[in-house]
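Down below is the structure, laid out as structure tokens.
In my numbering, the protein residues as written are 2 to 555.
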């Protein structure tokens with residue numbers, strides 16, 4: 002670690018923001034941690050001296066307090082015995098609402114100070130932990146493994162979190178999605194043309210910077226020096242040209258000056274992106290991401306807060322195992338490794354051959370759809386099956402049933418259901434089952450992928466239109482007769498991932514590893530377990546070669 006930069010940010014009031022601080026040189030990690038501890042002391046002084054304002058109440062505020070019937074913090078109703086008090090912001094003095102006395106006492110600043118990194122888990126955390134060991138402070142770690150840390154706390158107040166655990170995109174992509182008016186900290190440093198130039202993530206010759214002497218270079222290196230062997234890609238002409246303009250515009254005297262500017266813009270861009278993310282979450286859920294370590298924890302609390310549900314702890318081990326045994330995952334496999342379509346919507350349609358379509362269908366947020374259904378939350382108990390009246394349970398009823406039943410599956414249905422059998426289960430195959438199992442698999446091998454289907458029909462799009470209530474065709478061209486925004490982004494509805502453009506060819510190597518080509522020359526590819534950057538460099542031809550070589554080896 003050769004340098005660092007950081008900025009103290011106050012969500013409540015920008016006047017408490019600190020100056021941008023940075024350092025480039027030997028011992029950067031130790032100096033960084035020392036500076037952070039200094040910021041902790043500064044924050045504590047501000048909290049003690051400034052964050053203790055009394056409530057500033059208007060006549061309208063007093064009227065709201067008097068008429069309030071529920072606590073603005075927990076959402077619960079006030080009963081006759083409850084002590085209703087006013088809750089105000091100790092930073093601004095602004096009246097926030099009426100609250101239970103207990104809620105008001107617990108609704109306070111935690112004293113913890115989050116330190117936000119983008120990709121802390123994947124990169125920066127390793128450097129920082131080496132320096133933390135020399136501080137002598139108490140360390141608490143939440144780790145994925147021995148090398149990757151989701152979060153860690155140093156001392157009583159410093160909590161290191163990773164913004165990528167909330168927004169799993171590159172900083173460049175996040176900056177591109179944010180409206181220019183939201184870059185308040187960038188605007189406080191630069192204006193006009195300078196701001197426009199820096200509102201895009203810059204480029205940096207990471208692999209070229211192999212020694213301290215490179216910081217003394219008087220100009221940017223050649224474009225080839227920006228090549229990344231990790232991602233196997235070069236910087237494009239536009240980005241390199243912009244980097245040269247930035248170097249000149251900001252009067253950089255050396256590569257070290259460019260490095261410092263690059264670091265500062267990264268820090269301020271991240272500050273603006275994360276602060277806007279906090280704003281969105283506070284507006285929508287009244288929850289602050291800065292108090293969490295990842296999106297799952299934040300979304301879980303948002304669910305509990307929004308629904309007001311109280312979940313019972315399932316402590317009966319027999320009940321727990323009963324439910325666990327009934328859990329089933331989805332079936333994911335490639336049953337048809339190669340398919341080529343031929344239909345009237347394609348540019349090279351051959352009317353002499355049978356009409357066929359390749360459809361790539363995916364449900365809109367299937368997990369969200371399942372979670373939005375009625376779910377059990379408590380009062381679990383065993384009941385006598387002989388006393389069960391099924392009409393008392395089910396959808397729309399207050400109570401539900403979880404049943405364990407014997408499933409009769411007639412052999413005459415096996416072939417008919419071979420592409421997606423009812424109630425599949427994961428099991429180990431014993432030797433005495435192997436022969437029969439292998440024969441069944443050979444017979445059923447013509448099953449289709451759950452995502453990509455090959456259909457033999459005159460018009461697959463017209464067929465789908467007959468079930469328009471099940472499909473989201475908002476991704477089609479607006480001139481298409483099948484274009485409809487009725488089910489746009491409606492969870493549980495099926496969407497054509499090809500956007501209504503016919504798929505010409507499909508190649509499936511194995512589950513979640515496939516490629517497809519569309520009639521307009523576009524397409525897509527997926528390879529789970531392979532780095533995104535590496536897969537992007539592979540073409541559909543590469544997938545096809547892999548498939549053919551695999552068959553040759555057999």
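Glycine included, C-beta positions come from ideal geometry on N, C-alpha and C. Computed from a predicted structure; not experimentally measured.
Check	Outcome
Residue 417 versus residue 281: straight-line alpha-carbon distance, rounded	50 Å
Run of the alpha helix (DSSP H) containing residue 263, from where it starts to where it stops	256-286
C-alpha gap between residue 33 and residue 261, whole angstroms	15 Å
Length of the line joining the Cα atoms of residue 523 and residue 108	53 Å
Inter-residue spacing [alpha-carbon to alpha-carbon] between residue 437 and residue 120	Below a pLDDT of 50, predicted positions are generally treated as unreliable, and residue 437, at 45, falls in that range; no measurement from the model is reported.
In DSSP terms, what residue 57 is bridged to	95
Under the three-state DSSP convention, the category residue 100 falls into	strand
Alpha-carbon spacing of residue 457 relative to residue 341, whole angstroms	11 Å
Element boundaries [beta strand (DSSP E), containing residue 141]	140-144
Validate contact between the segment 358-369 and the segment 491-500 using beta carbons, cut 8 Å, 3 pairs	yes
Alpha helix (DSSP H) runs contained entirely in the segment 338-373, provided each spans 4 or more residues	367-372
Residue from 532, 509, 519 whose Cα sits closest to the Cα of residue 549	509
Opposing strand residues paired with residue 133 [DSSP bridges]	Answer is none; residue 133 lacks a bridge partner.
Given 8 Å, three or more beta-carbon pairs between the segment 273-280 and the segment 183-194	yes
Close Cβ partners of residue 269 (< 6 Å) along its chain, the five nearest in sequence each way excluded	186, 187
Span of the beta strand (DSSP E), counted from its first residue to its last, around residue 518	514-519
Burial state of residue 193 (16 or more Cβ within 10 Å)	exposed
Inter-stretch contact at 8 Å, needing at least 3 Cβ pairs: the segment 210-229 / the segment 9-22	no
Run of the beta strand (DSSP E) containing residue 250, from where it starts to where it stops	Where residue 250 is concerned, there is no enclosing beta strand (DSSP E), although the alpha helix (DSSP H) it sits in stretches over 238-250.
C-beta atoms of residue 4 and residue 23 nearer than 8 Å	yes
Own chain partners of residue 481 with C-beta closer than 6 Å, once the 5 adjacent residues on each side are dropped	501
Distance between residue 286 and residue 69 (C-alpha atoms, nearest Å)	20 Å
For residue 297, three-class secondary structure by DSSP	helix
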